[in-house]
Amino acid sequence: MSIVTHEDIESGVHKRKGTVWTATIHIITAVIGSGVLSLSWSIAQLGWIAGPIVPAIFAIITYYTSSLLANCYRSQDPITGTRNRCYIDAVKTYLGPKHVYLCACAQFFNLWGAMVGYTITTAISMNAVSKAHCYHYHGHETRCDGPGPILMLCFGFGQLILSQLPSLQHMAWVSIVAAVMSGTYSSIAFGLAVAELVSTRQVKGGLLGVVAHAHLRPVDRAFKSLQALGNVAFAYTFAEILIEVQDTLKSPPAENTTMKKAIFWGLSVITVFYLVIGCSGYAAFGGVTPGNILTGFGFYEPFWLVDIGNICIALHLSGAYQLFAQPLFGNLEMRITARWPEAKIVTRVYSITLLCIRRDPINFSLLRLVLRSSIVIITTIVGMALPFFNSIVGMLGALSFWPLTVYFPIKMHIARRDIKKGTTKWILLHILIGVTLLICCAVSVGAGAEMVGHLKESSPFTKIG
1 MSIVTHEDIE
11 SGVHKRKGTV
21 WTATIHIITA
31 VIGSGVLSLS
41 WSIAQLGWIA
51 GPIVPAIFAI
61 ITYYTSSLLA
71 NCYRSQDPIT
81 GTRNRCYIDA
91 VKTYLGPKHV
101 YLCACAQFFN
111 LWGAMVGYTI
121 TTAISMNAVS
131 KAHCYHYHGH
141 ETRCDGPGPI
151 LMLCFGFGQL
161 ILSQLPSLQH
171 MAWVSIVAAV
181 MSGTYSSIAF
191 GLAVAELVST
201 RQVKGGLLGV
211 VAHAHLRPVD
221 RAFKSLQALG
231 NVAFAYTFAE
241 ILIEVQDTLK
251 SPPAENTTMK
261 KAIFWGLSVI
271 TVFYLVIGCS
281 GYAAFGGVTP
291 GNILTGFGFY
301 EPFWLVDIGN
311 ICIALHLSGA
321 YQLFAQPLFG
331 NLEMRITARW
341 PEAKIVTRVY
351 SITLLCIRRD
361 PINFSLLRLV
371 LRSSIVIITT
381 IVGMALPFFN
391 SIVGMLGALS
401 FWPLTVYFPI
411 KMHIARRDIK
421 KGTTKWILLH
431 ILIGVTLLIC
441 CAVSVGAGAE
451 MVGHLKESSP
461 FTKIG
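The UniProt record's numbering numbers the first residue of the sequence shown as 1 and each following residue consecutively.
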């Protein structure tokens with residue numbers, strides 16, 4: 001995905017040619033990621049009744065609030081009003097500077113949290129390739145740990161290099177790779193689950209899921225249910241890129257009209273896709289469904305196909321890491337440059353040529369080298385300290401879904417439509433804000449408790465998974 005600068009837009013270089021179908025593809029590509037691999041586990045916790053219902057509920061909430069956000073793309077008039085070209089611009093227009101700070105914090109945490117999550121998931125996937133070969137040649141009962149921490153360090157080193165590229169416009173291959181890879185590993189997971197169903201001729205699982213098992217303590221049931229909700233929330237988070245996608249659409253018709261159609265079709269495809277992958281995995285494995293359907297070794301054979309799936313995950317997330325990292329880098333560099341424009345760390349520029357990536361030399365300042373490298377190193381260290389796929393996914397889902405998908409879109413809608421305090425609509429909208437906040441807070445507690453439990457049982461920096 002290339003990023004177009006403000007100067008390009010104002011000078012006429014950037015021509016909006018997007019349609020409802022291109023916007024739909026952008027949404028699907030952005031949303032369907034590694035989170036889909038945890039949905040079988042989530043449905044396993046909730047059972048055949050609540051399991052399919054919960055993703056549908058999140059889809060409805062996301063569609064409603066995303067439609068409200070789409071209406072905020074232009075100020076005042078949906079056809080002739082001033083464009084808000086990014087999420088923070090819209091928040092600034094409708095809610096003022098105080099909310100801009102809160103929105104920036106939420107976005108930065110979401111971007112950095114995704115980087116941590118992708119670091120963990122990529123290392124787990126590559127570690128699974130090593131373990132799959134060990135199981136294949138030495139038997140399934142053999143203890144096979146794999147060089148997980150070393151793989152995470154290798155991934156971090158690779159991201160150190162990629163992070164020195166100026167911006168996403170020099171990485172146009174990322175979206176293409178992401179779309180192909182996510183479709184490939186999801187299809188492999190679905191195909192293996194169907195093969196398992198055919199071989200056993202039995203649909204596993206229960207109506208109330210794992211949390212109904214008598215051997216679980218009530219508190220464990222609650223935490224597993226909450227973590228499952230967090231995983232689903234993570235799988236539906238795309239609000240932070242919605243307005244940027246909308247800014248690619250041609251008009252007429254009005255951009256908000258086109259975007260609402262794209263949101264509907266995108267979420268419809270995503271929800272069906274999620275339910276097919278999630279339900280097939282639960283049907284194949286029932287109560288023992290692994291947290292990550294490919295790396296949790298629900299499948300051992302054919303090991304080469306499982307390897308392909310995990311390699312696709314690693315390739316996808318290696319590029320997706322930069323999709324989230326580059327906006328974070330760019331914003332921080334812009335703020336530091338504006339604050340200290342004459343500092344040598346900002347003004348001194350170096351050049352390097354990387355023939356394997358691009359022919360033209362890459363110019364970078366000492367600020368870029370130090371800042372970006374520091375963020376990648378810190379991210380890798382945090383990933384090594386908390387290498388828990390499911391818990392991290394649940395926590396990210398809880399902390400990013402409510403502010404960016406629910407709170408800010410509804411508050412901007414209230415300001416845009418001048419909905420009076422105390423009216424029925426105002427009350428209903430705030431009930432939605434309050435209920436989703438309580439759910440996300442509870443999910444955060446559940447995911448945090450799971451992390452604490454994992455830390456007691458595992459060895460950070462020495463083992464992942």
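Every residue gets a Cβ at the ideal spot worked out from N, C-alpha and C, and that includes glycine. Since we're looking at a predicted model, the values are computed, not measured.
For Arg83, list the residues DSSP reports as bridge partners. Arg83 is bridged to Arg74.
Have a look at Ala70 and Thr24 and give me their C-alpha separation to the nearest angstrom. If I take the Cα positions, the gap works out to 13 Å.
With contact counted as at least three CB pairs below 8 Å, one residue from each stretch, are the segment 187-200 and the segment 398-406 in contact? The answer is no - the segment 398-406 does not touch the segment 187-200, with fewer than three Cβ pairs under 8 Å.
Burial state of Asp418 (16 or more Cβ within 10 Å): Classified as exposed, Asp418 has fewer than 16 neighbouring CB atoms from the shown chains inside 10 Å of its CB.
Start and end of the alpha helix (DSSP H) containing Cys105? It spans 97-138 - the alpha helix (DSSP H) in which Cys105 sits, taken as one unbroken run.
Only counting the same chain, and skipping five residues up and downstream in sequence, which positions put a Cβ closer than 8 Å to that of Ala283? Once the five neighbours on either side are set aside, the close Cβ partners of Ala283 are Ala193, Leu197, Val203, Lys204, Gly205.
State the Cα-Cα distance for the pair Tyr73 and His430, rounded to the nearest angstrom. Each residue's alpha carbon lies about 22 Å from the other.
I need the DSSP call for Leu386, collapsed to helix, strand or coil. Residue state for Leu386 is assigned as coil, using DSSP reduced to three classes.
What are the complete alpha helix (DSSP H) segments, minimum 4 residues, inside the segment 39-76? The qualifying runs are 39-70.
Proximity below 7 Å, CB of Ile313 to CB of Ser125: Yes, the pair counts as a contact, with Cβ atoms nearer than the cut-off.
Neighbourhood of Glu244 by C-beta distance below 7 Å, restricted to the same chain and skipping five residues each side: Excluding residues up to 5 positions away in sequence, Cys86 lie with their Cβ nearer than 7 Å to the Cβ of Glu244 in the same chain.
The alpha helix (DSSP H) that contains Glu333, what's its start and end? 303-339 is the span of the alpha helix (DSSP H), which, as asked, contains Glu333.
Beta carbon of Thr119, beta carbon of Thr289: below 7 Å? No, the pair does not count as a contact, with Cβ atoms beyond the cut-off.
Evaluate Thr271 with the Cβ neighbour count: other Cβ atoms within 10 Å of its Cβ, from every protein chain shown; 16 or more gives buried, anything less gives exposed. With a 10 Å radius around the Cβ and a threshold of 16 neighbouring Cβ atoms, Thr271 comes out buried.
Local Cβ density within 10 Å of Phe324, reported as buried at 16 or more and exposed below that: With at least 16 other beta carbons inside 10 angstroms of its own, Phe324 counts as buried.
Pick from Ile49, Ile53, Leu95: whose alpha carbon is nearest that of Ala415? It is Leu95.
Contact between the segment 301-321 and the segment 217-233 is defined here as three or more beta-carbon pairs at a separation below 8 Å; is this criterion met? The segment 301-321 is not in contact with the segment 217-233.
Touching by the beta-carbon criterion (3+ pairs, under 8 Å), the segment 76-84 and the segment 97-106: Output reads no: the segment 97-106 does not touch the segment 76-84.
If you draw a straight line from the C-alpha of Gly422 to the C-alpha of Gly434, how long is it? Roughly 15 Å separates the two Cα atoms.
7 Å Cβ cutoff met for Phe238 and His136: The criterion of a C-beta distance shorter than 7 Å is not satisfied by Phe238 and His136.
Locate the alpha helix (DSSP H) running through Ser268, then write down its first and last residues. Ser268 -> alpha helix (DSSP H) spans 255-285.
The alpha helix (DSSP H) enclosing Ser225, as first and last residue numbers: Looking at the DSSP string, the run of the alpha helix (DSSP H) that includes Ser225 is 218-234.
Cα-Cα, which of Ala447, Leu366, Glu240, Thr436 is closest to Ala106? Distance from the Cα of Ala106 is smallest, within the candidate group Ala447, Leu366, Glu240, Thr436, for Glu240.
Residue range of the alpha helix (DSSP H) that includes Gln159: Residues 148-162.
Measure how close the beta-carbons of Met451 and Ser391 come, nearest whole angstrom, since I'm counting them as under 8 Å. Correct: roughly 5 Å between the Cβ atoms.
Over what stretch of residues does the alpha helix (DSSP H) that includes His215 continue unbroken? Looking at the DSSP string, His215 is not in any alpha helix (DSSP H), and its letter there is neither H nor E.
Taking Leu37 as part of the alpha helix (DSSP H), name the residues at either end of that continuous run. Run containing Leu37: none; DSSP gives neither H nor E here.
In or out: Ala338 buried (at least 16 other Cβ within 10 Å) or exposed? With fewer than 16 Cβ atoms within 10 Å of its Cβ, Ala338 is classed as exposed.
Pick helix, strand or coil for Leu367, following the three-state DSSP scheme. Helix, per DSSP.
Under 7 Å between the Cβ atoms of Ser67 and Lys260? Closer than 7 Å, so yes.
Span of the alpha helix (DSSP H), counted from its first residue to its last, around Ala239: Residues 239-246.
Just to check my reading of the structure: Asn310 and Ala128 have Cβ atoms closer than 8 Å, yes? What is that Cβ distance to the nearest angstrom? With a contact defined as Cβ atoms closer than 8 Å, Asn310 and Ala128 qualify at about 5 Å.
Look at the alpha carbon of Val13 and the alpha carbon of Ile57, and state the distance between them as a whole number of angstroms. Because Val13 sits at a pLDDT of 43, beneath the cut-off of 50, its placement in the model cannot be relied upon, and the following sentence gives the value as read from the coordinates. Taking the straight line joining both Cα atoms gives about 41 Å.
Quick check on DSSP: helix, strand or coil for Gly191? Of the three classes helix, strand and coil, the one that applies to Gly191 here is helix, per DSSP.
When DSSP labels each residue in this structure, what does Glu10 get in the three-state scheme? With a pLDDT of 39 at Glu10, under the threshold of 50, the modelled position of this residue cannot be trusted; read the value that follows with caution. In the structure shown, Glu10 sits in a helix (DSSP, three-state: H, G or I).
I'd like the span of the alpha helix (DSSP H) that includes Phe408, first residue to last. Element bounds for Phe408: 408-417.
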